[in-house]
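First the structure, in the form of structure tokens, and then the observations on it.
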Amino acid sequence: MPTWSSVVVATPAHSGLGPALSYRSELSLAPGTLVRVPLGTREVLGVVWNGPDEPPPGLDPAQAKSVIGALEGLPPLSATWQQLVTFAARYYQRSLGEVALAALPPQLRELDAVQLARRLKRRAGKAAPAGRDGSAAPAVPPSSEEQAAVLAALPTATEPVLLYGATGSGKTEVYLRATDDALAQTAPEGEPPTQVLVMVPEINLTPQLEARFRERFAPRYGEGAVVSMHSGMTPAQRLGSWLAAHSGQARIVLGTRMAVFASMPGLRLIVVDEEHDPSYKSQDGARYSARDLAVYRAKVESEALAPRGQRCQVILGSATPSLESWHAADQGRYRRLEMPARIGGGALPRLRLVDMNHQPKGASIAPPLLAAMEARIARGEQCLVLLNRRGYAPVLSCDACAWKSQCPHCSAFRVFHKLDRTLRCHHCGFSSRVPRSCPDCGNLDIAPVGRGTEQIEEQLAGLLSDVKRPDGQTARVARMDADTTRLKGSLEQQLAALHSGEVDVLVGTQMVAKGHDFRRITLVASINADAALFASDYRAPERLFALLMQAAGRAGRDAAQSGASEMWVQTWHPEHALFASLRKYDFPGFAATQLAEREAAGMPPFGAQALLRADARTQEAAQAFLNAAAEAAASLPYRDEVTLYPAVPLTIQRVANVERAQLLVESASRAALQRFLAAWQPLLLDGRSVPGARGLLRFAVDVDPLVI
Ligand code: ADP
Ligand code: ZN
Ligand code: ZN
Numbered sequence: 001m002p003t004w005s006s007v008v009v010a011t012p013a014h015s016g017l018g019p020a021l022s023y024r025s026e027l028s029l030a031p032g033t034l035v036r037v038p039l040g041t042r043e044v045l046g047v048v049w050n051g052p053d054e055p056p057p058g059l060d061p062a063q064a065k066s067v068i069g070a071l072e073g074l075p076p077l078s079a080t081w082q083q084l085v086t087f088a089a090r091y092y093q094r095s096l097g098e099v100a101l102a103a104l105p106p107q108l109r110e111l112d113a114v115q116l117a118r119r120l121k122r123r124a125g126k127a128a129p130a131g132r133d134g135s136a137a138p139a140v141p142p143s144s145e146e147q148a149a150v151l152a153a154l155p156t157a158t159e160p161v162l163l164y165g166a167t168g169s170g171k172t173e174v175y176l177r178a179t180d181d182a183l184a185q186t187a188p189e190g191e192p193p194t195q196v197l198v199m200v201p202e203i204n205l206t207p208q209l210e211a212r213f214r215e216r217f218a219p220r221y222g223e224g225a226v227v228s229m230h231s232g233m234t235p236a237q238r239l240g241s242w243l244a245a246h247s248g249q250a251r252i253v254l255g256t257r258m259a260v261f262a263s264m265p266g267l268r269l270i271v272v273d274e275e276h277d278p279s280y281k282s283q284d285g286a287r288y289s290a291r292d293l294a295v296y297r298a299k300v301e302s303e304a305l306a307p308r309g310q311r312c313q314v315i316l317g318s319a320t321p322s323l324e325s326w327h328a329a330d331q332g333r334y335r336r337l338e339m340p341a342r343i344g345g346g347a348l349p350r351l352r353l354v355d356m357n358h359q360p361k362g363a364s365i366a367p368p369l370l371a372a373m374e375a376r377i378a379r380g381e382q383c384l385v386l387l388n389r390r391g392y393a394p395v396l397s398c399d400a401c402a403w404k405s406q407c408p409h410c411s412a413f414r415v416f417h418k419l420d421r422t423l424r425c426h427h428c429g430f431s432s433r434v435p436r437s438c439p440d441c442g443n444l445d446i447a448p449v450g451r452g453t454e455q456i457e458e459q460l461a462g463l464l465s466d467v468k469r470p471d472g473q474t475a476r477v478a479r480m481d482a483d484t485t486r487l488k489g490s491l492e493q494q495l496a497a498l499h500s501g502e503v504d505v506l507v508g509t510q511m512v513a514k515g516h517d518f519r520r521i522t523l524v525a526s527i528n529a530d531a532a533l534f535a536s537d538y539r540a541p542e543r544l545f546a547l548l549m550q551a552a553g554r555a556g557r558d559a560a561q562s563g564a565s566e567m568w569v570q571t572w573h574p575e576h577a578l579f580a581s582l583r584k585y586d587f588p589g590f591a592a593t594q595l596a597e598r599e600a601a602g603m604p605p606f607g608a609q610a611l612l613r614a615d616a617r618t619q620e621a622a623q624a625f626l627n628a629a630a631e632a633a634a635s636l637p638y639r640d641e642v643t644l645y646p647a648v649p650l651t652i653q654r655v656a657n658v659e660r661a662q663l664l665v666e667s668a669s670r671a672a673l674q675r676f677l678a679a680w681q682p683l684l685l686d687g688r689s690v691p692g693a694r695g696l697l698r699f700a701v702d703v704d705p706l707v708i
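Here's what the structure looks like:
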């Protein structure tokens with residue numbers, strides 16, 4: 001007697017196929033079982049969602065398709081994993097199958113039972129503990145007082161923990177010890193061993209973190225016990241890590257936002273490092289926040305573990321928490337644990353604001369800043385120069401006519417890259433050689449306008465060419481940004497050059513401010529931060545403050561030098577309130593001011609937002625769809641609990657010949673917004689309810705958008 005299973009496959013919501021498809025199977029399949037099923041003419045991977053099921057009404061059993069087979073040797077995905085996916089799909093307005101299948105490695109489908117057995121065996125070999133003889137964990141430094149206090153408080157915190165700790169206060173060490181404690185809990189007989197998930201915002205940060213975790217835990221739990229998960233891995237590597245996590249052979253998974261969906265049946269602790277980082281919000285597909293999902297996941301895992309007196313803890317760590325998390329801690333929904341002091345007692349650098357109104361016209365590096373850098377180099381110290389724009393100049397322009405290096409496909413300028421003499425669009429990638437003369441009028445004098453990292457590197461190399469280091473050599477300037485680190489291994493090489501002291505001045509984008517532990521940097525300079533002070537994006541000040549705090553944290557890690565370390569900020573607006581908070585490194589003060597402004601304006605976290613975005617061949621078509629969608633909403637329940645704003649073009653409205661527009665939906669309450677979106681989504685998906693969408697290419701809902 002065949003049974004029925006509902007199976008989710010990778011179908012987008014607008015396919016109209018519903019949340020799950022019904023298939024026949026000979027044996028009854030447990031929920032969470034991975035299966036291969038036919039879909040149209042293809043064979044696809046699916047997940048059994050509900051157990052043995054009734055055939056759907058109206059389906060002719062003779063027409064019904066059958067499950068091709070289960071992936072043998074793989075235990076089913078857990079009920080909590082299914083809960084996480086269900087929540088993410090509902091909250092972010094996507095289909096179950098889209099979210100579920102995007103969370104699984106694509107190569108899983110091709111895996112046969114023999115291969116699988118071989119793989120798991122190979123991994124098991126790696127996982128064999130090296131320290132069977134009872135040899136202890138490598139030497140671990142005694143905790144600082146602050147670390148000890150945090151570690152003592154962790155077991156008492158039942159709510160999500162916000163670890164608010166200065167850069168260099170030893171947060172990573174806290175994660176390591178909390179991991180140690182979580183892994184030391186034994187799982188009941190016959191159940192997978194306990195596991196820990198550690199998330200970081202960027203791929204670049206995984207190697208050094210992995211090294212620290214490996215050093216600490218591999219001797220005890222084996223080399224295979226620590227795995228990474230991020231989009232920079234090959235499909236085969238991703239499959240390997242996924243299988244290790246799913247089977248319980250991996251005890252620790254380190255990864256970027258995608259790792260929040262890792263199948264980890266023994267999960268007891270989730271760490272989200274640099275929790276404020278915007279990279280945790282996905283910008284395509286299901287636009288989920290991995291940080292928010294981590295908090296949700298810890299909650300459902302804990303509920304499942306509660307009957308046996310265990311739980312899954314979540315720690316969000318940052319020196320500059322997101323205002324959402326900070327507010328949650330103010331309200332007592334999160335437990336705030338603080339570590340204000342840096343290990344070794346190093347102080348944060350003294351802030352020096354350079355008022356650009358009083359500097360020579362056109363100087364990109366103010367003379368006093370240059371003098372300060374010269375003095376540092378002569379003493380054998382290093383400097384970090386931060387500029388959020390790569391390339392040589394953001395625009396090339398003709399003096400004689402109005403020609404500018406506009407991208408023909410985007411409403412943006414192409415950036416001048418001097419090294420390879422190209423004009424490159426940073427939005428669509430369109431690139432061409434720099435013209436010898438103005439393409440419009442033939443004028444030979446086409447000039448760069450504005451400055452990027454390439455230009456600052458070149459200028460500094462010129463300006464510092466007479467400066468000698470203590471060893472008599474000429475000062476060396478290097479650059480680190482997305483252009484210089486494109487090749488595999490190049491970032492590591494550049495960091496090594498900095499650590500070994502080969503480089504005296506490093507010029508770079510925000511990439512250099514993140515996470516790296518530089519020892520001899522005593523001066524950090526931010527040379528054009530002003531754009532963020534007056535941006536229309538209400539989150540721009542929050543991001544700037546976080547970036548400058550993080551940059552400051554790169555200086556003076558060495559206590560002996562830290563007394564004299566400095567952070568220079570060049571600005572045309574030294575009176576701006578943000579700098580008053582920054583001078584004292586007063587994040588709580590800054591956060592309080594920002595939160596008060598947000599509360600007055602009903603902005604998140606005091607109100608909830610979503611965007612409906614549309615891409616079309618013309619701006620009219622994109623906006624017509626959005627406005628029609630708003631009209632169609634008029635009769636919906638919950639309509640009066642939300643505000644719908646008129647459709648507007650995106651700041652960069654055209655990218656790769658696609659016109660982009662968006663419509664903002666706001667509500668005083670997150671729940672009301674969710675209720676409205678759930679009612680609205682079927683109308684959006686049904687083309688007849690929202691007419692006038694000719695030329696529409698795609699649309700998407702972005703819940704809790706970071707940029708509006
Ligand atoms: P954070 O993650 O807060 O920036 P880290 O955990 O990376 O800080 O610690 C900063 C530095 O201090 C690292 O080099 C780390 O090895 C060291 N460190 C951390 N905790 C201790 C400790 N208890 N004793 C000695 N050194 C420590
Ligand atoms: Zn011209
Ligand atoms: Zn372009």
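Taking my numbering, the leading residue of the sequence shown gets 1, the next gets one more, and so forth.
C-beta atoms are modelled at their ideal positions from N, C-alpha and C, and glycine is treated no differently.
Please read all numbers here as calculations on a predicted model, not as lab measurements.
Sub-8 Å separation of residue i and residue j beta-carbons
i    : j    : result
G69  : R36  : yes
A679 : A614 : no
L684 : A616 : no
Q455 : A378 : no
L267 : A178 : no
A647 : Q681 : no
S669 : A608 : yes
T80  : E301 : yes
L533 : H499 : no
T522 : E338 : no
A610 : V665 : yes
W4   : D53  : yes
F213 : V226 : yes
H230 : G255 : yes
Q93  : V703 : yes
S411 : R654 : yes
V8   : A88  : no
V507 : A551 : no
Assigned exposure category for residue i - 16 Cβ within 10 Å defines buried
i    : result
T33  : buried
D277 : buried
E275 : buried
S405 : buried
R698 : exposed
G46  : buried
H327 : buried
Residues that residue i bridges to, as DSSP identifies them
i    : result
R613 : Q662 and A700
Q406 : F413
G46  : V35
I315 : V161 and V271
R335 : V161
Y23  : S5
C428 : Per DSSP, none; premise fails for C428.
D355 : T571
P448 : L396
I521 : Q382
P649 : A661
T474 : K468
V226 : I252
E566 : R350 and L523
Touch test, the stretch 672–682 against the stretch 568–587, Cβ-Cβ under 8 Å, three pairs minimum: No: fewer than three Cβ pairs fall under 8 Å.
For review: beta carbons within less than 5 Å of any heavy atom in ligand 3: Chain-ordered, the residues whose CB falls short of 5 Å from any heavy atom of ligand 3 come out as C407, H409, C410, C425, H427, C428 and F430.
With ligand 2 as the reference, list in chain order each residue whose Cβ lies under 5 Å from any of its heavy atoms. That gives C398, A400, C401, W403, C438, D440, C441 and N443.
Taking contact to mean at least 3 C-beta pairs separated by less than 8 Å, is the stretch 315–322 in contact with the stretch 152–168? They touch, by the three-pair rule.
Count the C-beta pairs between the stretch 484–496 and the stretch 355–370 that are closer than 8 Å, then say yes if the count reaches three, no if not. No: fewer than three Cβ pairs fall under 8 Å.
Are the stretch 443–452 and the stretch 390–410 in contact at 8 Å, needing three or more beta carbon pairs? Inter-segment contact for the stretch 443–452 and the stretch 390–410 is present: three or more beta-carbon pairs are separated by less than 8 Å.
At a cut of 8 Å, does the stretch 227–240 reach the stretch 103–116 through at least three beta carbon pairs? Under the 8 Å Cβ criterion, the stretch 227–240 counts as touching the stretch 103–116, having at least three qualifying pairs.
Is the number of C-beta pairs between the stretch 566–574 and the stretch 348–359 that are closer than 8 Å three or more? Flag = yes, the stretch 566–574 and the stretch 348–359 touch.
Cβ contact check for the stretch 447–464 and the stretch 473–487: 3 or more pairs under 8 Å: Touching, yes.
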